[in-house]
Structure formats: structure tokens, C-alpha cells
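Take a look at the structure below.
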Amino acid sequence: MTDHPSGTAVPDAALAALFTAARTHNGWQDRPVPEDLLHRLYDLVKMGPTSANCSPARLIFVRTPEGKARLAPALSKGNLAKTMAAPVTVIVCQDMEFYEKLPALFPHADARSWFTGSPEKVAETAFRNSTLQGGYLILAARALGLDCGPMSGFDVEMLESEFLAGTTWKANFLINLGYGDPEKLFDRLPRLGFDEACVMA
Numbered sequence: 109m110t111d112h113p114s115g116t117a118v119p120d121a122a123l124a125a126l127f128t129a130a131r132t133h134n135g136w137q138d139r140p141v142p143e144d145l146l147h148r149l150y151d152l153v154k155m156g157p158t159s160a161n162c163s164p165a166r167l168i169f170v171r172t173p174e175g176k177a178r179l180a181p182a183l184s185k186g187n188l189a190k191t192m193a194a195p196v197t198v199i200v201c202q203d204m205e206f207y208e209k210l211p212a213l214f215p216h217a218d219a220r221s222w223f224t225g226s227p228e229k230v231a232e233t234a235f236r237n238s239t240l241q242g243g244y245l246i247l248a249a250r251a252l253g254l255d256c257g258p259m260s261g262f263d264v265e266m267l268e269s270e271f272l273a274g275t276t277w278k279a280n281f282l283i284n285l286g287y288g289d290p291e292k293l294f295d296r297l298p299r300l301g302f303d304e305a306c307v308m309a
């Protein structure tokens, strides 16, 4: 791996792939995503920073017809067709006992003890950091040539009953992955300008 020197900007082509030309996809080509590419994807996602390296995100890659059939009843009507067509749907989860991994992930302090007596702190940390890791997943997928369709719009209790029963994981959100169909893109929606969204302090 080549180090990227601090303070060195990536090329404009990389910015386009990750942000300015990237789009949220709703339609998908009939083209599979190889399993080894999903392993490469996770190897990038895991390198993104989380607080105390807590890494609470857990990912379920739903990619078989059987898995999609299990997922379908939990989806909202508007998300059903595009999710069934996507080669992969990622259930981005958060492990509510992520702190049990902290002795290995953050060995230079007793970080586990920061969470064991505070369910509120566990919930806040798990949600914030798993959401952050889901964002890394979107950028990592785009960097690897995949398209993404992140979404809410599902029955969380039904989904957790089907996929997460008996675990300490909770569902956060979904991301469809694959190779998008450019013919099914919506027009790009506007974004807020700097002066509308930012304050200098």
C-alpha cells in the first residue's frame, strides 16, 4: 500500500467518482457483484475512523434469491422493486455490545468500562459510529467502481426478527449495491449553498 502524504489532494477524477459525478441509483444492471469485491469493500470500510476505534458497524450482504425473499416483506412499497433488482443489499447494523471488542481494538486503555454501565452511551455511540461507517461504505463502494442506493423505508422490527434474532445487532439503514442503470437515474436534486448550511465561528 502506498501512503497518501498528508496535505496532498486527490485528483479531480477521484472527487468526481466519490462526490461530484456520483449518483444515488434506483435501477440496476443485471450484473453480479463478485464476493471478493465485497471483501475488498469491507477492508476499506474498516479503516475509517470511529470513536475509540469502537467499530460498531456489522454488515449483512444480502445477495441470494433466498436472502432477498426474506428481506422483501420488510421493505416499503417504494423500495421493493429496486431492492429486488439490486445485486446486493447491505443491511448496515450496529452491535449493541461493540464494547466487548474494545480490549482488542483499543488496548491502551480500559475503554470497555466506559460503556458497560451506561446503556444510553452505548446506544448513542453505536448509532453515531455505525452511521459513520455506513457513509464510509458508500464512498468505498464508489471508489471500487460500484454504485449505491442508500435508503430507509423498511419495517425495522420485521427485518430484525428475520435477520438479527438472537444477536446483539440492531438495524440502522440499507444500501443497495451494484452497477447502476443510467437510464433509470432521476434528475440530480439541488443542494444547499455554503451560506445556507455553514457558519464560520
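Residue numbers (this note's numbering): 109 to 309. Where is the CB? At the ideal position from N, CA and C, for every residue including glycine.
Option nearest residue i by Cα separation, candidates the options
i	options	result
L272	L167, V118, S184	L167
L126	P215, A248, P298	A248
L149	E291, F302, L285	L285
M266	A117, P164, L123, L183	L183
P290	A309, G257, G301	G257
Y244	P157, P140, N134	P157
F294	A117, N134, L123, T116	N134
G175	P164, S163, T191, A165	T191
R139	R299, G301, M308, Y287	Y287
L297	E228, T132, L210	T132
A121	L152, V141, A251	A251
E143	D151, W136, A212	D151
L146	G115, A309, D255, K185	D255
For residue j and residue i, the rounded distance between their alpha carbons
i	j	result
S278	F262	Checking the sequence shown, residue 278 turns out to be Lys, not Ser. Each residue's alpha carbon lies about 13 Å from the other.
C201	R178	17 Å
T224	G253	40 Å
S226	M155	27 Å
A117	A124	13 Å
E304	F235	27 Å
Contact belief for residue i with residue j at Cβ below 8 Å, rounded distance in angstroms
i	j	result
T239	S159	The pair is not a contact, with the Cβ atoms about 12 Å apart (cut-off 8 Å).
N187	M259	6 Å
G242	F281	6 Å
D203	P164	5 Å
I246	I283	7 Å
Query raised in the report: If you pair each beta-carbon of the segment 165–172 with each one of the segment 191–211, do three or more pairs fall below 8 Å?
Result: yes
Query raised in the report: Which full runs of the beta strand (DSSP E) of 3+ residues lie inside the segment 210–259, going along the chain?
Result: 255–259
Requested in this report: State whether the segment 125–141 contacts the segment 210–227, with contact taken as three or more CB pairs (one from each stretch) at a distance under 8 Å.
Outcome: With the cut-off at 8 Å, the segment 125–141 and the segment 210–227 do not touch.
Requested in this report: Please go through the segment 110–159 and give each complete alpha helix (DSSP H) segment of 4 or more residues, from N-terminal end onward.
Outcome: 120–123, 143–153
Report task. Give, in chain order, every unbroken run of the beta strand (DSSP E) that is at least 3 residues long and sits entirely within the segment 253–299. Result -> 255–259, 277–286
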